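Here's the structure, in structure tokens; my notes come after.
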Amino acid sequence: MSNTAPSQAKAESDQPQQQQKPQVLEEDDEFEDFPVEDWPQEEAEQASGAANGGNEHLWEESWDDDDAAEDFSKQLKEELKKVEASS
Amino acid sequence: MAATPILDQFLSGLAAIVQDRDGAKLQDFLQIEPPLSDIYQRMIEELRQCYPPGSQSETVLQQRCEGLVPKTEGGSSWSAFPTFMRLYFTFMRDVNVENLLDTYNLLNGLLNQCVLALGDSQMGVVVLPTVLYLSKVLAKLAMGLDRRPELIAHILRMEGTNDQESIEKVTLVEKSANVVREAFIKCLTDRSGTPGPHGKPEGKRKGIYLMANLCLKLLFQCGKLRNAEQMFSSITAQSPPLAHFPTSQRVTYLYYLGRYLFSNNLFYPAQNAFQAAYDQCHCQALSQRNLILTYLIACNIIMGRFPSRALLERPEAQGLAEQFNPLCRLIVRGDYLAFREHLSLDSPTSHWFARKGILLTLRNRCEILVWRSFCRKVFIHAGYLGDPQAQAQRGPPPFLYLQKLLVATRWLQQKHKTPVANGIGHASENFSAYGSQTVLTQADPEFSGLTDFDTVAAPDADHEILEKYGDYLAPDGFFDEDGNWQDNVSGSLIDGDPDANYDERLLNPYPNSAYTEQANQPSLLMRELESILASLLAQGLMRGYLTHRSPRFAIPGARLRGALPTGFPNVWQTISTREQEDAHVPGWVKLPDPAALSAGPLMGGGRVVNLSGARPAGAP
Numbered sequence: 001m002s003n004t005a006p007s008q009a010k011a012e013s014d015q016p017q018q019q020q021k022p023q024v025l026e027e028d029d030e031f032e033d034f035p036v037e038d039w040p041q042e043e044a045e046q047a048s049g050a051a052n053g054g055n056e057h058l059w060e061e062s063w064d065d066d067d068a069a070e071d072f073s074k075q076l077k078e079e080l081k082k083v084e085a086s087s
Numbered sequence: 088m089a090a091t092p093i094l095d096q097f098l099s100g101l102a103a104i105v106q107d108r109d110g111a112k113l114q115d116f117l118q119i120e121p122p123l124s125d126i127y128q129r130m131i132e133e134l135r136q137c138y139p140p141g142s143q144s145e146t147v148l149q150q151r152c153e154g155l156v157p158k159t160e161g162g163s164s165w166s167a168f169p170t171f172m173r174l175y176f177t178f179m180r181d182v183n184v185e186n187l188l189d190t191y192n193l194l195n196g197l198l199n200q201c202v203l204a205l206g207d208s209q210m211g212v213v214v215l216p217t218v219l220y221l222s223k224v225l226a227k228l229a230m231g232l233d234r235r236p237e238l239i240a241h242i243l244r245m246e247g248t249n250d251q252e253s254i255e256k257v258t259l260v261e262k263s264a265n266v267v268r269e270a271f272i273k274c275l276t277d278r279s280g281t282p283g284p285h286g287k288p289e290g291k292r293k294g295i296y297l298m299a300n301l302c303l304k305l306l307f308q309c310g311k312l313r314n315a316e317q318m319f320s321s322i323t324a325q326s327p328p329l330a331h332f333p334t335s336q337r338v339t340y341l342y343y344l345g346r347y348l349f350s351n352n353l354f355y356p357a358q359n360a361f362q363a364a365y366d367q368c369h370c371q372a373l374s375q376r377n378l379i380l381t382y383l384i385a386c387n388i389i390m391g392r393f394p395s396r397a398l399l400e401r402p403e404a405q406g407l408a409e410q411f412n413p414l415c416r417l418i419v420r421g422d423y424l425a426f427r428e429h430l431s432l433d434s435p436t437s438h439w440f441a442r443k444g445i446l447l448t449l450r451n452r453c454e455i456l457v458w459r460s461f462c463r464k465v466f467i468h469a470g471y472l473g474d475p476q477a478q479a480q481r482g483p484p485p486f487l488y489l490q491k492l493l494v495a496t497r498w499l500q501q502k503h504k505t506p507v508a509n510g511i512g513h514a515s516e517n518f519s520a521y522g523s524q525t526v527l528t529q530a531d532p533e534f535s536g537l538t539d540f541d542t543v544a545a546p547d548a549d550h551e552i553l554e555k556y557g558d559y560l561a562p563d564g565f566f567d568e569d570g571n572w573q574d575n576v577s578g579s580l581i582d583g584d585p586d587a588n589y590d591e592r593l594l595n596p597y598p599n600s601a602y603t604e605q606a607n608q609p610s611l612l613m614r615e616l617e618s619i620l621a622s623l624l625a626q627g628l629m630r631g632y633l634t635h636r637s638p639r640f641a642i643p644g645a646r647l648r649g650a651l652p653t654g655f656p657n658v659w660q661t662i663s664t665r666e667q668e669d670a671h672v673p674g675w676v677k678l679p680d681p682a683a684l685s686a687g688p689l690m691g692g693g694r695v696v697n698l699s700g701a702r703p704a705g706a707p
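Quick mapping for you: the protein sequence lines, in order, are chains A and B. Here my numbering is used: position 3 in the first sequence is 3, and no number is missing along the way. One rule links them: number in my numbering = place in the second sequence (from 1) + 87.
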């Protein structure tokens, strides 16, 4: 432990300029340890998911937008029509 | 020498524990973290009095520790353990937890010795819980130091002045990961019990995933995920099935495995790992479920499957809807410039994705989906959708003139046009002839000296001919009739006036690629759109073919199902069908397929047999 004092003093002298560094990663992004080692599958299942037999609709596979009234589609349609007419 | 009643008692307790091979109790005995109970404080006092630092007293201490393990003819049977115990005592005697760095170094030495003790084939398993405990404390310490660079600044400085610059710098976190990896290997390669993928974990093999998970946590922390590759392949080759391990270990491992696969762009296997982790994670472990779900959703979006409202309303999905919903909406809308702006580095909407480490992946992988939506909408509004009334089997298939897509792209660029001052203008006139025509990027300074394409392409006066062929017609110098070099300072024409029809004799290395459309030459933007469509077709995200002359996208065979479902098939179904062919997830050892087990005679002798190529008994 004889070298403790000098190294610590050195470290302290560096503190002011180093403290400016922004914290990029937040600590809560760490994957925490579980408080218990093991549990049965029932305890993993959602109360709500279990209630309706686990058939909850979780993912949207068909999301293509066929709504011509949607703003972007409408504008695009008009623009294409305009060009059609002028050519 | 003064009496050491507490130490004596401690040692005899240890001897009994070793004799009973009680690993859990041993770990419980070997406390190192403050606050330590009074009895430990008293033992430390005894150590400082009777065994102060110095080789002589430590030799005596070592001798006392030798007594803990049974003696055999060839000396001590487990020589690494007494040395470990001696280090434990000196650690307790010397450690000053006020100084984190010194504590780290002492603990690192202690853990290293404990891992050596773990290596013993008979007794090693007794220190497994202790190895895990010390590893966790070391990991905590290393990660704490990592967040306080001022405490390790002097090490970094010393390394900086070191002559051996070529040696790769290893951070404390990475150093700890390497020690933990040693312990992991000792667990994985333990020969007790039934080895290979069929045996249940016994002995040290029970620690495989505990050590792997800790090592992965550290590798993530220090950004050296690539170093995990060897770990995953050794697990694939040697580990018992993951299903035999406790749920907490399975879920943690599958989370890290998923992160690793995700960062290697293996989204389907990653999705499998995350889904399994999510399904098995305790429903009250909201923080873990939230993290798993974040990456599970990212994987799914990349493969064309969006989170439903029901999923995003779950308690663990808190905060995810406001991040992922706008992204999904942008993919559906097809405005690729809005998508780019949303995920650009200086946009506040990208920060959360960057913090989660998924920004670049989402940006790179989802843009093609945005383009698919865009093409689809242009096709709906400006394509030839085929004649649904036509009973005759003749007639052209549905198609889209790419010129329409080009017009729509220009319109989009115009729509996003903002004052050029803030650097994100998209007006077509700002596009450089040397960069992308779909997005405005800063022209590379390397190209700044080049003449613009327009002027090069159409020389109509002498000075333009000179501009084009000047290096040949008016070189820096020439050899005169006597063969002597003459400088051409004035830059005059060496051989008189150039031939008017110079162009005809020249092989043009840069075919006339005018930036504006002229003379039947497609524009650079058209070329780029063709490339994007070709990429969509190659990935199966659109179906049909492209014609290059009079650029079109055509959808043959659309009579039965219609142009849209044929030309723009469902993204998730396309990708998942393709990926399902190989259900194997690297790094995830699954239970052997019961069909494969019953097929042939069981392998004896505990050899590892690869069943993938095995045929059922009696097969020809």
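All C-beta atoms in this analysis are idealised placements derived from N, C-alpha and C, irrespective of residue type, glycine included. The structure displayed is predicted, hence computed values, not measured ones.
Counting C-beta neighbours from all protein chains within 10 Å, is the total for residue i 16 or more, i.e. buried, or is it exposed?
i: Lys-227 (chain B); result: exposed
i: Phe-411 (chain B); result: buried
i: Glu-261 (chain B); result: buried
i: Gly-421 (chain B); result: buried
i: Arg-313 (chain B); result: exposed
i: Gln-500 (chain B); result: buried
i: Asp-71 (chain A); result: exposed
i: Ser-86 (chain A); result: exposed
i: Phe-354 (chain B); result: buried
i: Asn-192 (chain B); result: exposed
i: His-513 (chain B); result: With a pLDDT of 43 at His-513 (chain B), under the threshold of 50, the modelled position of that residue is not reliable, and no figure is offered here.
i: Phe-566 (chain B); result: exposed
i: Gln-96 (chain B); result: exposed
i: Tyr-559 (chain B); result: exposed
i: Ala-670 (chain B); result: exposed
i: Leu-399 (chain B); result: buried
i: Glu-403 (chain B); result: buried
i: Glu-310 (chain B); result: At residue 310 (chain B) the sequence reads Gly, which differs from the Glu that was named. Label assigned to Gly-310 (chain B): exposed.
Residues in the same chain with beta-carbon distance under 6 Å from residue i, minus the five sequence neighbours each way, listed in chain order, please.
i: Lys-74 (chain A); result: none
i: Asp-426 (chain B); result: According to the sequence as given, residue 426 (chain B) is Phe; it is not Asp. Around Phe-426 (chain B): Leu-417 and Val-457.
i: Pro-22 (chain A); result: Residue placement at Pro-22 (chain A) is poorly supported in this model, since its pLDDT is 41, which falls under 50; the coordinates still yield a value, given next. Cβ within range, chain order: n/a, list empty.
i: Tyr-296 (chain B); result: Phe-332, Gln-336 and Tyr-340
i: Ser-326 (chain B); result: Ile-295 and Val-676
i: Phe-171 (chain B); result: Gln-200, Cys-201 and Ala-204
For residue i, which residues of its own chain have a beta-carbon under 8 Å away from its beta-carbon, when the five flanking residues on both sides are left out?
i: Val-147 (chain B); result: Tyr-138
i: Val-224 (chain B); result: Ile-119, Glu-120 and Leu-194
i: Leu-493 (chain B); result: Ser-610, Leu-612, Met-613 and Leu-616
i: Val-24 (chain A); result: Because the pLDDT at Val-24 (chain A) is just 44, under 50, the model does not fix this residue reliably, and the value given afterwards should be weighed accordingly. If we look at Val-24 (chain A) and ignore the five residues flanking it on each side, it has no Cβ neighbours.
i: Gln-362 (chain B); result: Leu-383
i: Gly-231 (chain B); result: Leu-187
Quick one: give me the first and last residue of the alpha helix (DSSP H) that residue i is part of.
i: Tyr-347 (chain B); result: 334–350
i: Leu-623 (chain B); result: 611–625
i: Gln-39 (chain B); result: As displayed, chain B neither begins before 88 nor continues past 707, which places residue 39 (chain B) out of reach and without an answer.
i: Gln-358 (chain B); result: 354–367
i: Pro-169 (chain B); result: 167–181
Apart from the five residues just before and just after residue i, which ones in its own chain have a Cβ nearer than 7 Å to its Cβ?
i: Ile-242 (chain B); result: none
i: Gly-473 (chain B); result: Pro-484, Pro-485, Ala-645 and Ala-650
i: Thr-528 (chain B); result: Gly-522
Quick check on the DSSP output: the beta strand (DSSP E) that includes residue i runs from which residue to which?
i: Tyr-708 (chain B); result: Because chain B spans 88 through 707 in this model, residue 708 (chain B) falls outside it and cannot be assessed.
i: Phe-34 (chain A); result: Run containing Phe-34 (chain A): none; DSSP gives neither H nor E here.
i: Ala-641 (chain B); result: 639–641
i: Gly-564 (chain B); result: 564–566
i: Asp-680 (chain B); result: Note, Asp-680 (chain B): premise wrong, no beta strand (DSSP E); not H, not E.
i: Gln-96 (chain B); result: Element bounds for Gln-96 (chain B): not the beta strand (DSSP E) but the alpha helix (DSSP H), 92–107.
i: Trp-572 (chain B); result: 572–574
In the region 294–320 of chain B, which residue ranges form an unbroken beta strand (DSSP E) of at least 3 residues, counting only runs that do not cross its ends? none
Any chance you could list the beta strand (DSSP E) runs of at least 3 consecutive residues sitting entirely within the region 446–494 of chain B, in chain order? 486–488
Would the region 361–378 of chain B and the region 628–637 of chain B be scored as touching if the rule is three or more Cβ pairs under 8 Å? no
Taking any Cβ of chain D, which residues in the region 385–409 of chain B have a Cβ under 8 Å from it, in chain order? Here chain D cannot be found, since the structure's protein chains are A and B.
Identify every run of the alpha helix (DSSP H) within the region 389–442 of chain B, keeping only runs that are complete inside it and at least 4 residues long; order them along the chain. 396–399, 408–420, 423–429 and 438–442
In chain order, which continuous runs of the alpha helix (DSSP H) of length 4 or greater are located wholly inside the region 215–247 of chain B? 215–233
Are three or more beta carbon pairs between the region 124–133 of chain B and the region 92–108 of chain B nearer than 8 Å? yes
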